[in-house]
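Enquirer: Following full-length UniProt numbering, the numbering of the sequence shown begins with 1 at its first residue and continues without gaps. Ideal Cβ placement from N, Cα and C applies to all residues, glycine included.
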Amino acid sequence: MNSFLNSWQLDTATVELDLPAVTAACESATEVMEDLTFVASNASATNDDPLRAQCTRFISRLQELVVKKVDLTTAHVLQYADEYADLSSTMSNNANPSRGEVKLASASPNTGWVQLGLWVNLLAKGSSRNKRVEFPELGVYVDLPKAVITQSLALRVTRWPFDAFSSLSQGGGSDIALGGVFTLELLAVPSPPKRARGWIMREVPDAREQLKRLHYPLDGMVVSAALPIKASLTLPKDVLYAPTTCIRAGSAELPRIGWWDATRMRWEEEGVTDVVYREEINSVSFSTLRLTHLALLVRRDRNYHKRSWRLCMDTNMRARLTLNTAMFPRIQFEITLQGARLVEPALPQLEALRKEAMPPEELLTRLARAGVDLSTRHGFVPKLKMLEDRVVDEIATVVAGFEITDGHGDALTNGTTATRWPGAVGSCKQIVFSVKEMAWPYMMDEHEGNQQQAGEDEAINVATSAASVLVLAEVDEEASGGCEDIYDTHVHLRRALDEISSPDARDRMDNSHVLFELTLQKMLRLLRLLSYSQPSQDRGEDEEETLTTSAAESTTKPNGKAKEDPHDAVTSGHAAQEGGEASAVPIETS
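#1: Write down every uninterrupted run of the beta strand (DSSP E) in the region 96 to 142 whose length is 3 residues or greater and which is fully enclosed by it, in chain order.
#2: Just to confirm before moving on: does the CB-CB distance between L233 and V140 stay below 7 Å?
#3: Go through the region 297 to 367 residue by residue and report every complete run of the alpha helix (DSSP H) that reaches 4 residues or more, in order.
#4: Express the C-alpha separation of V204 and P359 in angstroms, rounding to a whole number.
#5: Spatial neighbours of V39 within its chain, please: CB distance less than 6 Å, with the 5 preceding and 5 following residues excluded, ordered by chain position.
#6: Can you check the UniProt domain "IC97/Casc1 N-terminal" (1 to 99) for any alpha helix (DSSP H) of at least 4 residues that lies completely inside it and give the ranges in chain order?
#7: Are there 16 or more other CB atoms within 10 angstroms of the CB of R539, so buried, or fewer, so exposed?
#8: Closest to W119 by CA distance: which of E270, Y84, R320 and A368 is it?
#9: Are the C-beta of R377 and some C-beta of chain D separated by less than 7 Å?
#10: Assuming T397 is part of the alpha helix (DSSP H), what are its boundary residues?
#11: Just the C-alpha distance for V435 and S468, rounded to the nearest angstrom, thanks.
#12: Any idea what DSSP makes of S166, helix, strand or coil?
#13: Determine the DSSP secondary structure at K146, reduced to helix, strand or coil.
#14: Can you check DSSP and say which residues form a bridge with Q430?
#15: Between R341 and the rest of its own chain, which residues show a CB-CB distance below 6 Å, the 5 nearest in sequence each way excluded?
#16: When you compare each of P136, L367, T46 and R156 to K522 by their alpha carbons, which one comes out closest?
#17: Beta-carbon separation of L321 and H513 under 7 Å?
#18: Taking all protein chains shown into account, decide if residue 598 is buried (16 or more other Cβ within 10 angstroms of its Cβ) or exposed.
#19: Is the region 188 to 205 touching the region 155 to 175 in the sense that three or more CB pairs, one from each, lie closer than 8 Å?
#20: Are the beta-carbon atoms of L116 and S106 separated by less than 7 Å?
#21: Quick check on the DSSP output: the beta strand (DSSP E) that includes R467 runs from which residue to which?
#22: Can V289 and G271 be called in contact, C-beta distance under 7 Å?
#23: Mapping DSSP to helix, strand and coil, what is K212?
#24: Around the C-beta of T30, are 16 or more other C-beta atoms found within 10 angstroms, so that it is buried, or is it exposed?
#25: What is the rounded straight-line gap between the Cα of V114 and the Cα of V275?
#26: Our contact map puts V32 next to F4 with C-beta atoms below 8 Å; I'd like the distance itself, whole angstroms only.
#27: In terms of DSSP beta bridges, what is E437 paired with?
#28: Using three-state DSSP, classify A231 as helix, strand or coil.
#29: Please name the residue, chosen from P228, V475, K429 and F516, that lies closest to V399 on a Cα-to-Cα basis.
#30: Give me the Cβ distance between W259 and L294, rounded to the nearest whole Å; I'm assuming they're in contact under 8 Å.
#31: Which residues bound the alpha helix (DSSP H) around L178?
#32: Could you tell me whether the region 490 to 497 touches the region 393 to 407, where touching means 3 or more Cβ pairs closer than 8 Å?
#33: On a CA-only basis, which of A24, W309 and M317 is nearest M509? Give me that one, please.
#34: I'd like to know whether the C-beta atoms of A81 and V102 end up nearer to each other than 7 Å.
#35: Considering Cα atoms alone, identify which of A147, F182, M327 and W309 is closest to I257.
#36: With respect to the beta strand (DSSP E) encompassing L524, which residues constitute its N-terminal and C-terminal limits?
Structure below.
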């Protein structure tokens, strides 16, 4: 990485290249950024903070270098704009050279992630109507007011696949850019060269003034009378904004375009109007008085909190993880030895994620870039991270024989979490979930011969599959036992469930594959299901939204509930009715 960064920093040859060569070079850098993002995500899953911080620094540096390279290329084109205007009009990306205009556009060849478009007006001329600048190669169209086209200037549009700004907001900000960042700028055109006796004399600007950005409204224009600039851009084909299918009714957001305020270090929406999203062509149009970094904004946490979730083995070493979020009623993943794969929702924008398994960090990163961000921000911790990681490790050891769900699924019918441990949801030192032994297909066969076979096994199947066992894992400071590691688990979940496990379930757990467990652990650690699960209750929309937005705040409140006895840590879902309890599984600490 250091060699790659140094070569980019020292290489100035690309300023002599045309736009396609520059966008291709920048595309290779963005691919490196994507790989670094995967490595950083994997570092978060494995709690390797130094590696994650190093990847973040590399990504930030690469973002600066690619922007600088495009700026140098733009300055070169503007400096020699007259030569581009003298080119033959038969060139595909140069339009109307006889009118003193130059239009160049290029998108990176492989992915189309990096886009750069330039329109240069070399001759100031009067006009009685607006000017529509079209970049069909980029899917971008800009309508300039006549007050702009009467001056000699340049319009530059750029699009980057990364969002280098949202993370700079205080607290990470509540909004993120969907589909990358789109930049719309007016640039000053250098003084035209002087030609005499075959000589061409050009004014060479200072290095700090090679690219001069103009503020809008332009100098001399009345601010109150300035007309907004209209723009329309097509979103990438793998970006999912607001589909009309597969989402919960009423969960779609109104389209919002924001501009980056470098002074306040946050996204602002003032000055941007007439925002319209057209799903049939996957494009958004708007009018703006702010010519700077722009983005289609969505709430960062719109899929963070999970209303419910379920983890269950499908076949041998293949599990299905199903989520229910505020936006999507059903998101399902398939987890195997080879990695994780998206199963639902089956939308065209997500088709590439449904074809083959990939590492969990890559799948969730690509899914977030598409608009379904399920991984929470690093450092935003409702539950103690070490406690949550330990519980995830415990779950991975029993998932081969037990179905795992959130601890709130039976709250309305059995009153489990709501009545048993009402303070557990808001406590950072307590985690609640539910386990239930799975009934495999060959154990549930309705064929008479199989029903009459091994009545003892049938009795075990009925007993274990009929009852859900509610598990409370907590940090118990009074039961440390003088242990050096305060998060050392004295009673493991697997051991606590042995008494109620069937021989078949114990055999499946004994033969669980370590690679499958590792993949599952990474997936659960990145999703943070145990921290971002909320009970589904009958409540009004306003009350429900308040619960969603204030979940993090509730974790900071002191937990006034007295600690339960250790023997209450694991109870049957029907314990209140049957009067029986299972073995204890507390996570004891000093």
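Expert: On the basis of the coordinates in this document:
#1: Here the runs fully enclosed are 101 to 107, 115 to 121 and 131 to 135.
#2: Yes; because the gap between Cβ atoms is below 7 Å, this pair is in contact.
#3: Qualifying alpha helix (DSSP H) stretches, in chain order: 351 to 355.
#4: Those two C-alpha atoms are separated by around 51 Å.
#5: Cβ neighbours of V39 beyond the five flanking positions: C55.
#6: As summarised for the UniProt domain "IC97/Casc1 N-terminal" (1 to 99), the continuous alpha helix (DSSP H) elements at least 4 residues long and confined to that stretch are 2 to 10, 19 to 45, 49 to 79 and 81 to 85, given in chain order.
#7: No answer about R539 holds up, because its pLDDT of 40 lies below 50 and its placement is not dependable.
#8: Among E270, Y84, R320 and A368, the Cα nearest to that of W119 belongs to Y84.
#9: Note that chain D does not occur in the displayed structure, where there is just one protein chain.
#10: K385 to V398 is the extent of the alpha helix (DSSP H) around T397.
#11: Going from the Cα of V435 to the Cα of S468 covers about 6 Å.
#12: Residue state, collapsed to three classes: helix.
#13: Three-state DSSP puts K146 in a helix.
#14: DSSP, once it has assigned bridges, lists E474 as partnering Q430.
#15: When the five nearest sequence neighbours on each side are left out, the beta carbons in the same chain lying within less than 6 Å of the beta carbon of R341 are those of E334 and A357, in order along the chain.
#16: Among P136, L367, T46 and R156, the Cα nearest to that of K522 is on T46.
#17: Cβ distance not < 7 Å, so L321 and H513 don't count as in contact.
#18: Only positions 1 to 590 of the chain appear in the structure, and residue 598 is not among them; the question remains open.
#19: With the cut-off at 8 Å, the region 155 to 175 and the region 188 to 205 do not touch.
#20: Yes.
#21: The displayed chain sequence assigns Ala, not Arg, to residue 467. Unbroken run through A467: none, as it is neither H nor E.
#22: Checking the sequence shown, residue 289 turns out to be Leu, not Val. Against a cut-off of 7 Å, the Cβ pair of G271 and L289 comes out as a contact.
#23: Note: K212 maps to coil in three-state DSSP.
#24: By the 16-neighbour rule on beta-carbons within 10 angstroms, T30 is buried.
#25: CA-to-CA, the gap between V114 and V275 works out to about 24 Å.
#26: Separation of the CB atoms of V32 and F4 is rounded to 7 Å, and the pair is thereby assigned contact status at 8 Å.
#27: According to the DSSP secondary-structure assignment, E437 is paired through a beta bridge with F402.
#28: A231 falls in the strand class under three-state DSSP.
#29: It is F516.
#30: Sure, about 5 Å apart at Cβ, within 8 Å.
#31: Careful: L178 lies outside any alpha helix (DSSP H), inside the beta strand (DSSP E) at D175 to A188.
#32: Between the region 490 to 497 and the region 393 to 407 there are three or more inter-stretch CB-CB distances shorter than 8 Å, so the stretches are counted as touching.
#33: The shortest CA-to-CA distance from M509 to any of A24, W309 and M317 is the one to M317.
#34: Taking the C-beta atoms as reference points, V102 is found nearer than 7 Å to A81.
#35: The option with the nearest alpha carbon to I257 is F182.
#36: Taken as a continuous stretch (DSSP letters only), L524 belongs to no beta strand (DSSP E), being part of the alpha helix (DSSP H) at V514 to L527.
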